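Reading through the structure tokens given below for one structure.
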């Protein structure tokens, strides 16, 4: 069953991102919101881990969160707005927010 995983905490303050990456299945998706967008900092181990994820796992980030943190998106990342956020939530059988 495909799951959309939503992360909002900084990957530099806890281990949610690394835990999530270990659990991602081949049809899952990962949405970075809020401070989780810091995982996209160029040169960071977190960004490298995201860029090395299998292509079958979709990677998303909210445009507003990237813009607020002056971050650029890697090629494989899909930048979405809030309407896109709602859309991707309906595309997955389950949504898991890593609180």
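In the working numbering, the protein residues as written are 137 to 235.
All C-beta atoms in this analysis are idealised placements derived from N, C-alpha and C, irrespective of residue type, glycine included.
Since the structure is predicted, the reported quantities are computational estimates derived from the model, not experimental observations.
Reference residue i, options the options, closest by Cα
i: residue 138; options: 146, 218, 162; result: 162
i: residue 199; options: 219, 185, 156; result: 219
i: residue 181; options: 222, 151, 191; result: 151
i: residue 201; options: 169, 154, 223; result: 169
i: residue 149; options: 164, 172, 142, 157; result: 172
Three-way DSSP call (helix, strand, coil) for residue i in this model
i: residue 191; result: coil
i: residue 226; result: helix
i: residue 165; result: strand
i: residue 145; result: coil
i: residue 140; result: strand
Which residues DSSP lists as bridging residue i, in chain order
i: residue 179; result: Answer is none; residue 179 lacks a bridge partner.
i: residue 196; result: 167, 214
Cβ-Cβ separation, residue j to residue i (assumed contact under 8 angstroms), whole Å
i: residue 207; j: residue 195; result: Not really, about 13 angstroms apart at Cβ, beyond 8 angstroms.
i: residue 130; j: residue 225; result: Outside the shown range of the chain, which is 137 to 235, sits residue 130, and nothing can be said about it.
i: residue 210; j: residue 159; result: Going by Cβ atoms, the distance from residue 210 to residue 159 rounds to 21 angstroms, so no, they are not a contact pair.
i: residue 174; j: residue 146; result: 5 angstroms
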